[in-house]
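Residue numbers (our numbering): 7 to 521. For glycine and all other residues, C-beta sits at the position ideal for the given N, C-alpha and C.
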Amino acid sequence: MNQLPLAELVLSDLAQHDRGSQMPRHRRLYESIRGSILSHRLPVGAKLPSTRDLARDLGLSRNTVLTAFEQLIAEGYVKAQTGSGTFVADTLPEAESAVPVPGAKRASSGPIAAPQASAFAAAAHTAPPLQARLSVRGEKLARIAAGERYEIQPFAPGDPDFSIFPFKLWQRLQNKYWRDARPELLDYGSAGGYLPLRRAIADYLRVSRAVRVTTDQVLITAGTQQSLSLSAQLLADAGDLAWVEDPCYWGARRVFEAHDLALRAIPVDAEGMNPQADDWATDPRLIYLTPSHQYPKSVVMSLSRRRLLLDLAARKQAWILEDDYDSEFRYTGRPLSSLQGLDAHDRVVYLGTFSKVLYPGIKIGYMVVPPALVSAFKSALYDLQRPGQMMLQAALADFIEQGYFATHIRKMRLLYGERRELLRKTLKPILGDVAMISSEESGLHLAILLPPDCDDEELARRAADEGLSVRALSTYYLGAQKERGLVVGYAYVPPDKIAYYGRILGNVIKAGLRR
7 MNQLPLAELV LSDLAQHDRG SQMPRHRRLY ESIRGSILSH RLPVGAKLPS TRDLARDLGL
67 SRNTVLTAFE QLIAEGYVKA QTGSGTFVAD TLPEAESAVP VPGAKRASSG PIAAPQASAF
127 AAAAHTAPPL QARLSVRGEK LARIAAGERY EIQPFAPGDP DFSIFPFKLW QRLQNKYWRD
187 ARPELLDYGS AGGYLPLRRA IADYLRVSRA VRVTTDQVLI TAGTQQSLSL SAQLLADAGD
247 LAWVEDPCYW GARRVFEAHD LALRAIPVDA EGMNPQADDW ATDPRLIYLT PSHQYPKSVV
307 MSLSRRRLLL DLAARKQAWI LEDDYDSEFR YTGRPLSSLQ GLDAHDRVVY LGTFSKVLYP
367 GIKIGYMVVP PALVSAFKSA LYDLQRPGQM MLQAALADFI EQGYFATHIR KMRLLYGERR
427 ELLRKTLKPI LGDVAMISSE ESGLHLAILL PPDCDDEELA RRAADEGLSV RALSTYYLGA
487 QKERGLVVGY AYVPPDKIAY YGRILGNVIK AGLRR
């Protein structure tokens, strides 16, 4: 039986399969080892080299190898045994593992065995490929696999630190309803959401965001993406024009493309969305905005610009979708009022989410729709989405009404503000005058603006090689004019690690700009 060290197996695999320079090194290493396990080149029980040895053999940083191993462990392809090492796990389904693999045996240590593929795997490789044809819309959506790029890693934009969430309290609030298990909380829910939660949200928004709202106007959704989708379905037809900020939040762009809307990229300056003369000549059906903390540039829309766009929406009978995704986190000055609170013509649909405040997987968002749209939105929400999670909504209502929500926001606002300032203080001495760090004191991310001739995508890839998940600012643009920079999240990074990772990022940027 041939014996191959893992480093040689990986290098051979990368030489044969061009995985593209777009993929970070840790991901390429992960894909190579994962593929070797699934194709049986790495047998069950085989011991992998130490991360230190593999990093040396491959010429990679140990942090890159650690990141790949952690992903393999998390997905169950390998398992770590304290004091013994890391081993290939038994991941085969019963039907496949029952097929004998000629010459295969369990290896305990040393070089990696390379057995022949099983009859099952061989048959799979010789079968003719399936013809998969996507729709035109599907082809467009599949061009960018956004999910793969937004992993939980240091500096990933938009990720809150959910490790600090009060899980025991949350469990107690949920258990209260599960013990009773009332039938109405086990159904879909056809009234736009759990009434006490809708009431609690309305009370909260009136006080904290100056939203003009009644309980009836609040609808509970499965998050901002669903809220945007519902708005696009009910307020626009295929081919209708949607104004979007340029640069634009990728999730909103994907939703509008999925509904076949024509997107017009409106530039963003220091005061927010800034329509030009040729933009004014068009008639948008939807206008998508993040006025309280523009994503990704971090600017706040000025009062004059807000009034301008509200007047435009009223005159052109357009609907403004106000995405107020992280307004709870403003670290200096008074909280900014919502755009909806200034709207005298009921042209604003206000969108909010609990994923940024509590934890991403809660998947509960809300909409405040104008009174004339309430009936239609409630009906469509039920007919198209069949909403549920009533038990979760009930627990969340108690969480808000009993004061835990406000306490949690105050705590996280303090922590995130400290982390933001620490990151800025770490980066500023390293970057000096070669980059400008966004000064707006709010949100869960900041933008580092770089010279126009730099390759911010290459810088993002180099940061990924060090295990950091920053985003190239230029990739958020739809129009031809693209600023260069990096979008950096700081909320998910523990305070004792911010200076460490910040120095790595600063040095990556500085080295990249010298090239």
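In its chain, beyond the 5 residues on either side, T70, T73, A74 have a beta carbon closer than 6 angstroms to the beta carbon of H32. One alpha carbon belongs to Q395, the other to L379, and they sit about 24 angstroms apart.
For S480, the secondary structure class from DSSP, reduced to helix, strand or coil, is helix. With 16 or more other Cβ atoms inside 10 Å of its own Cβ, H414 counts as buried. Here the alpha carbons of Y36 and A95 stand approximately 15 angstroms from one another. The beta carbon of A469 is closer than 7 angstroms to those of V476, L511, V514 in its chain, skipping five residues each way along the sequence. With a beta-carbon spacing of about 4 angstroms, P163 and G495 fall inside the 8 angstroms limit used to define contacts.
Shown here, H32 sits in a helix according to DSSP, grouped into three states. In the DSSP assignment, no residue is bridged to T57.
Judged by DSSP secondary structure, D471 falls within the alpha helix (DSSP H) whose first and last residues are 462–471. Within the same chain, E251, D252, P253, N280, Q300, K303, V305 come within 7 angstroms of V274 by CB-CB distance, once the 5 residues on both sides are set aside. Cβ neighbours of L437 within its own chain (closer than 8 angstroms, five residues either side excluded): I443, I454, G512, I515, K516.
Around A441, the same chain offers I454, L455, L456, I515 as residues with beta carbons nearer than 7 angstroms, after the five sequence neighbours per side are excluded.
Distances from the CA of G195 to each of T227, A80, T221 were compared; the closest alpha carbon is that of T227.
The bridge partners DSSP lists for Q87 are G91. Counting only the Cα atoms, R204 lies some 6 angstroms from T221. About 7 angstroms separates the Cβ atoms of G371 and F360, confirming a contact at the 8 angstroms cut-off.
Residue range 501–520 is occupied by the alpha helix (DSSP H) that includes A505. Scanning P172, S333, K85, Q323 for the CA closest to the CA of F405 turns up P172. G245: not part of any alpha helix (DSSP H); DSSP gives it neither H nor E. Taking 8 angstroms as the cut-off, the beta carbon of P160 is found no closer than this to the beta carbon of L450. Inclusion of A386 and L201 in the CB contact set at 8 angstroms is not warranted, their separation being larger than that value. A distance below 8 angstroms separates the beta carbons of T288 and L247.
V363 is positioned such that its CB atom lies no closer than 8 angstroms to that of L327.
Of the candidates Q87, A486, P376, R419, P376 places its Cα closest to the Cα of W325.
When the beta-carbon positions are compared, G229 and K384 stay at least 8 angstroms from each other.
Under the 10 Å beta carbon count, K417 is surrounded by fewer than 16 other beta carbons and is classified as exposed.
Taking 8 angstroms as the cut-off, the beta carbon of V374 is found no closer than this to the beta carbon of V261. The count of Cβ pairs closer than 8 angstroms, one atom from the region 55–66 and one from the region 481–499, stays below three, leaving the stretches out of contact.
Take the alpha-carbon of A242 and the one of D266: they are about 10 angstroms apart. Annotation for L437: the continuous alpha helix (DSSP H) segment containing it runs 410–437. By a beta-carbon distance limit of 8 angstroms, L474 does not contact E489. Their separation comes to about 20 angstroms. Counting the other CB atoms within 10 Å of its CB gives P501 a total below 16, which places it among the exposed residues. Beta bridge pairing from DSSP links H451 with G495. Put simply, of L314, S298, A319 the residue whose alpha carbon is nearest the alpha carbon of P290 is A319. Unbroken beta strand (DSSP E) stretches of 3 residues or longer found wholly inside the region 273–306: 292–295, given in chain order.
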